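These notes concern the structure reproduced below.
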Amino acid sequence: MPRGHRVVDAAEQQFIHRVNPENQQVQFSPATSAHLTTCRGEDYDVEVIGYRRNGFKTFISWLIIVLTLGILRLVFHWCPNWMLVCTHSTCHLRKAHVVLIIETYQKKKKSFYVKRIEVLSSRDVVPLSDSRYQNAERAEKLPIYYDDGCFKEFESVRLLNFKRERFIWDDESQLFLAICGLDITDEMENVKNNPQGLSSNHQRLRSIVYGINEINVPLQSIGTLILLEILNPIYFFQVFSLTVWFFESYYYYTIAIIIMSIYGISSNVIQTYRNQRNLHSTVHSVDRAEVMRPDAKTEHIPTTQLVPGDVLVIPSHGCVMQCDAVLLRGTCIVNESMLTGESVPVTKTSLVNTYKDLDKNEKAHHTLFCGTQVIQTRYYGGEMVLAVVTNTSFMTAKGELVRSILYPPPVDFKFDSDLFKFIGFLAFVASFGLVYTIILKALKGASVTDIIIKALDIVTITVPPALPAAMTVARLNAQTRLQKDKIFCINSQEINVAGTINCVCFDKTGTLTEDGLDMWGVLPVEGGQFSDPCHNVEELKQSSTLPLAMAACQSLTLINNEIMGDPLDLKMFEFSKWQFEEPEIDDASKYDNIVPTVVKSPSEDVDQKEVGILQVFQFSSSLQRMSVITRILGHKEFIVVCKGSPEKISSLSIPETVPSNFHAHLKNYSKEGYRIIAIGWKILTDISYTAVQRLPREEVEKNLIFGGLIVMENRLKPESAGNIAILHRANVKMVMVTGDNILTAVSVARECGLIAEGEHVIDVQATEATVDHPAKIYFSSQDEQKSIVAIGETRLRPYVFAMNGATWSIIRESFPELIPRLIVRGTVFARMSPEQKQQLVGHLQELGYFVAMCGDGANDCGALKAANVGISLSDAEASVAASFTYKEANIACVPMVIKEGRGAIVTSFGVFKFMAAYSLTQFVSVMILYTIDSNLTDFQFLYIDIFLSLAFVGFFGNTMAYKGPIAPEPPITNLISAIPMLSLVFQLGLNILLQIIIFLFIQQQPWFKPHAPNNSSDYGCFENYAVFTASLYQYIQMSIVYSKGPPYRERIWTNYWLTSSILLLTAVCIYITVWPADWMVKLLELVMPPELNFRLYVIALGAFGFLLSVIVEELFIETMLTRKLRSAKRINGDTIYHSVKKEMDEDKKWPTLSAKVELVEPHTVDADTKPHIQMTVLRETNN
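In the numbering used here, the protein residues as written are 1 to 1183.
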């Protein structure tokens, strides 16, 4: 649906205008909200609510802010929509000064935005310093183009700018409607026929509406990023904790946490700043442009002042386009690598037909896209190359891409949400400790200051303030390891998400197979029948027209004495061994039709031919072909050569010239994975050159002589099969989603192992509904020897589905209930457009898959963004949005990313569980000692917090990802689930039990003396020694127990730093427990038991606790409980796709196979396919 079209539903009825039937005057209902139709697709539901400031509510809110010492204002910073509600009142959108935008993603994730309404007026004053406007006539109204093609003019408009889209309030529809460019308006035809350009005044008016033509990525200063990071709720809690510790004179640990926090904050800030700077430097560009004026003069202006409707003069030396523009005069050779990732020059021709009647691919042949580089221009001798600006700023194709990068879909990673929930639970536990401390201290007669400090200290102990820094360090270690493998991640948080991947979608060309094509050979036609294949041109007969046709039917160009153009055209031309020449004249006087490109037959030919290419009809996706009109030097007749999809060329050929076994040969070569192109020609006689120039394309491209098939191979990359096998063994679902032919795609899928040996391929075909017949779906076996002749037989086992984009569209519209079944078993999705690729990823996610998309081009960009993890094999601008970028163009990165991601998840779980257990263990120690009016001393806290906590956490993430095979099951991602929670409960229960035992045990000793403090800070006593020393070994045991090894990480002893620190600190703890030096006793304020035996009891208790902890964790939690729960998941299915699989396995009668099918060509091709590739669907036949 176009962005500006209305979405009328029950909710919208409240604000649709009413018409009085008597006087037909428009009456508006008091609408305070409306739905916003954006370009972000069906996944987003956007509601806009109008607000005006309320003086009384504003006064009360600021009064509370002052009374709470600014804390409420900080809360408003975190939740700006709360501040809007507390200071404003709802009103009609027509009168709103501010709006609240509620964006719901996939009916799950809600986001809130507060945006101000701008009022734009044609009376806006232009600065007098701008000499362009000093003498301009004053216009009265602002021109507005809406997405439905409607044009209106207003003296003033109300503008809403949301995520770089501009919306204008429309009183008639009572909606904010998106403005559009020139490309869907009727004005394009007027400009094409009369490209005079805009006057200065009209340009000024449009610039008010469309804004500055600049793709500006916000580049925040380091100071701003630091401030925003500090104001994060977690770091703000750290500031609170540091303040409490400062008042307790707990300086050393405060300094340590400050250092860790600075490291964590600086790492995040540097990463964010680099990402912003890289994106800013990549997309931001400003230049000067020459534009036409109505007085037939030109003017040079900054490109930031360009607006839709400006007519550009494209310089002969080329330029970088700063807007989208449609070519009106002349021809351009353009490098679109910044958008497509392919540094292949593309020829753009001037617009001839009605622009609105063209499809998306045909429009692209005439459009110079923003960010692409014009290399050369060709034009009439005295005329200029002209192009009309259609879109500017974020309305351009490049702008839409950058907008999708700036505002990606929200990542709903379960671990992150559970993390905050558990922190909330710790805060809840801390509140009990806080109340307990207040009551206990009050009963013991402590001062108010001491009660407050001790109560708040309990909160800082229970909720670990070092947690965010610890989590950051763990992720950065994984990111560093990936960079060493040439895998770059733009956001370290995405590494954890990568560990959840259980489904990977692969593009084919350039991802699984080599990007280029190689000539396999040709099948010439002689006497209406195919002759033997020829693998080089010398094998063809001397009289064959095929070499001439292959050499002439192309759109190559000569740049710096190098032939450049589409790789397919280049391979065919090289196969012909002809020579390529362009007239040696100055580029400034080139004319794309009158001065032809010339190709010559090899010089050793006795009768050397020179063929001039007089006219080129560019490849059209909808027509599935390209053609040229040529003339042999010295001959009067013209030769038309046409190439394209085999079925299309055969349908345009004289039937008698098409071999009878055409379909059989096409099917056989396609199933072998070859790319097939057909070629045909005809002779035009008794026609003048002028008449030829006027021939319509439809007349040129008919009644052809079918010349043969050109067979090309797309080789599989050597890394593909091995890595596919690795993922198969890991039980990862894999899907090929490509724009290529379905038979070629299936062949490549078999070759690389996506379709396992012995698996049958069931083709899925659907027919559209008509007036007389409903939509139908058919299933048929693709294996010739397994074809089902009798209709109604059930399918073969095991099996996978294959379908194309046309079938996918019909199924989504007419059979949506079958989508879960089809994609659970679907392996090959061919002829898929970029939008369909994105749809497939979305449906996989809805079934519970965590999807990775691996691709290399702009046609994969939508799917890369929609997937949980996007892996780009290209550095092109179109793939900047991917989570990961691999510097090598193969899929070896996919297993590496999954391994590192799974290791990162286990590391994050381990760090979190250790930090939570460490905090709660320390909380228990303090609670026990509070009962006797004691506590851990400052240096005891310091030793635990720095040496036993931060040291372990700092080295925890150094354990590398497991180098063995990828485990069939991904690690647990739900923090608040049975296994991690039971692990924490058992470990904490054990720690509490042992601390209570040692606390009571020491009190039973004959030499024991009760604690009698001399002052409020006198904590030294026997109980303090017992609880402190016993807890030391608990922190060590937890660092070992939670440092998991295979199948997701290497063994703990491979982490030399962590192992060394454990051994060293264990020795130090034994030293402190048994026989510390006097300075150590004094520093830690220990009261040593007089008997050595008791000290050894503490060590024995620590060893017993460690042994029991390992048994509980490894035997009960990891072995028995984990296996039982995973077995239950496999049996019952905890996700939708598990249930679908189970349902399909139990349904023995579905799908029912239809009759034998035959391959035919449809009449459309998808947007992401490369030129000249055939497309196949399945048609049921009676035989």
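Note that CB positions come from ideal geometry on N, CA and C, so glycine has one too. Please read all numbers here as calculations on a predicted model, not as lab measurements.
- Item | Nonlocal neighbours in the same chain, by C-beta distance under 8 Å from residue 908, ignoring five residues either side | Residues 415, 471, 474, 475 and 496 of the same chain have their beta carbon placed closer than 8 Å to that of residue 908, with the five preceding and five following residues left out of the count.
- Message: If distances are taken between C-alpha atoms only, which option among 201, 483, 44 and 1059 comes closest to residue 103?
- Response: Per the C-alpha coordinates, the member of 201, 483, 44 and 1059 positioned closest to residue 103 is 44.
- Message: At the level of alpha carbons, what is the spacing between residue 304 and residue 221?
- Response: The alpha-carbon atoms of residue 304 and residue 221 are separated by roughly 23 Å.
- The beta strand (DSSP E) spanning residue 761 covers which residue range? Start and end: 760-767.
- Message: Threshold first: 4 residues or longer. Then list the alpha helix (DSSP H) segments lying entirely within the stretch 464-505, N to C.
- Response: Qualifying alpha helix (DSSP H) stretches, in chain order: 467-484 and 493-498.
- Item | Residue from 463, 314 and 363 whose Cα sits closest to the Cα of residue 233 | With distances taken between Cα atoms, residue 233 lies closest to 463.
- Message: Using DSSP's beta-bridge definition, name the partner residues of residue 734.
- Response: In the DSSP output, where bridge partners are listed per residue, residue 734 has 504.
- Item | Local Cβ density within 10 Å of residue 360, reported as buried at 16 or more and exposed below that | Label assigned to residue 360: exposed.
- Query: Could you give the C-beta distance for residue 1201 and residue 736, rounded to a whole number, given that I count them as a contact under 8 Å?
  - Reply: Lying before the first or after the last residue shown, residue 1201 is absent from the chain, which here runs from 1 to 1183.
- Message: I need the straight-line Cα distance from residue 1072 to residue 1006, nearest angstrom please.
- Response: When the Cα atoms are used, residue 1072 and residue 1006 turn out to be separated by approximately 23 Å.
- Task: Indicate the three-state DSSP secondary structure (helix, strand or coil) for residue 962 in the structure shown.
- Result: Residue state, collapsed to three classes: coil.
- Message: Taking contact to mean 3 or more Cβ pairs, one atom from each stretch, closer than 8 Å, check whether the stretch 319-337 and the stretch 367-378 are in contact.
- Response: Yes, the stretch 319-337 touches the stretch 367-378.
- Using the Cα positions of residue 585 and residue 897, report the straight-line distance between them to the nearest angstrom. Below a pLDDT of 50, predicted positions are generally treated as unreliable, and residue 585, at 47, falls in that range; no measurement from the model is reported.
- Task: Could you say which of 687, 611, 954 and 913 lies nearest to residue 1056 if we only look at CA atoms?
- Result: Measuring from the Cα of residue 1056, the nearest candidate turns out to be 954.
- Coarse secondary structure for residue 521, derived from DSSP in three states: Correct three-state label for residue 521: strand.
- Segment limits, alpha helix (DSSP H) that includes residue 82: Per DSSP, the unbroken alpha helix (DSSP H) holding residue 82 starts and ends at 80-87.
- So who's on the other strand from residue 642, going by DSSP bridges? 627 and 680.
- Item | Residues bridged to residue 119 [DSSP beta-bridge criterion] | Under the DSSP definition of a beta bridge, residue 119 partners with 158.
- Item | residue 749, buried or exposed, once every other Cβ within 10 Å from all chains shown has been counted against 16 | Buried: at least 16 other Cβ atoms inside 10 Å.
- Query: Rounded to the nearest angstrom, how far is the Cβ of residue 817 from that of residue 482, given a contact under 8 Å?
  - Reply: Not confirmed; about 41 Å, so no contact.
- Count the CB pairs spanning the stretch 679-691 and the stretch 715-725 that are closer than 8 Å, and state whether there are at least three. Fewer than three beta-carbon pairs drawn from the stretch 679-691 and the stretch 715-725 are found closer than 8 Å, and the two stretches are therefore not classed as touching.
- If you draw a straight line from the C-alpha of residue 261 to the C-alpha of residue 273, how long is it? Rounded to the nearest whole angstrom, the CA to CA distance from residue 261 to residue 273 is 18 Å.
- Message: Using 8 Å for Cβ pairs, my map puts residue 351 next to residue 366. What's the rounded Cβ distance?
- Response: That pair is a contact at about 5 Å.
- Item | Residue closest to residue 673, alpha-carbon to alpha-carbon, out of 939, 258, 509 and 113 | Comparing alpha-carbon positions, the option among 939, 258, 509 and 113 lying closest to residue 673 turns out to be 509.
- Message: Less than 8 Å between the C-beta atoms of residue 686 and residue 391, yes or no?
- Response: No, these two residues do not count as a Cβ contact at 8 Å.
- Less than 8 Å between the CB atoms is what I'm expecting for residue 1044 and residue 906, so what's the real figure, rounded? Between residue 906 and residue 1044 the Cβ distance is about 5 Å, and since that is below 8 Å, they are a contact.
- Query: Exposed or buried, residue 1184, counting other C-beta atoms within 10 Å across all chains shown (16 or more means buried)?
  - Reply: Given that the chain is displayed from residue 1 to residue 1183, the structure contains no residue 1184 and the question cannot be resolved.
- Item | Cβ contact (3+ pairs, closer than 8 Å) linking the stretch 1133-1149 and the stretch 798-814 | Under the Cβ criterion (8 Å, minimum of three pairs), the stretch 1133-1149 does not count as touching the stretch 798-814.
- Query: In three-state DSSP terms, what is residue 1111?
  - Reply: Three-state DSSP puts residue 1111 in a helix.
- Query: Where are the alpha helix (DSSP H) runs, 4 residues long or more, that stay fully inside the stretch 679-712, in chain order?
  - Reply: If you keep only unbroken alpha helix (DSSP H) runs of at least 4 residues inside the stretch 679-712, you get 689-694 and 697-700.
- Query: Is it buried or exposed for residue 430, if we count other Cβ within 10 angstroms and need 16 for buried?
  - Reply: For residue 430, the number of other beta carbons within 10 angstroms of its own is at least 16, and it is reported as buried.
- Message: Using the Cβ count rule (16 or more neighbours within 10 Å means buried), how would you classify residue 1061?
- Response: With 16 or more Cβ atoms within 10 Å of its Cβ, residue 1061 is classed as buried.
- Message: Using only CA atoms, which one of 569, 562, 547 and 112 lies nearest to residue 555?
- Response: Just measuring C-alpha positions, the residue of 569, 562, 547 and 112 sitting nearest residue 555 is 569.
- Task: Would you list the one or two residues that DSSP bridges to residue 776?
- Result: Answer is 767, bridged to residue 776.
- Task: For residue 155, collect the residues of the same chain with a Cβ closer than 8 Å to its Cβ; drop the 5 residues on either side in sequence, then sort them by chain order.
- Result: The residues are 121, 122, 123, 140, 141 and 142.
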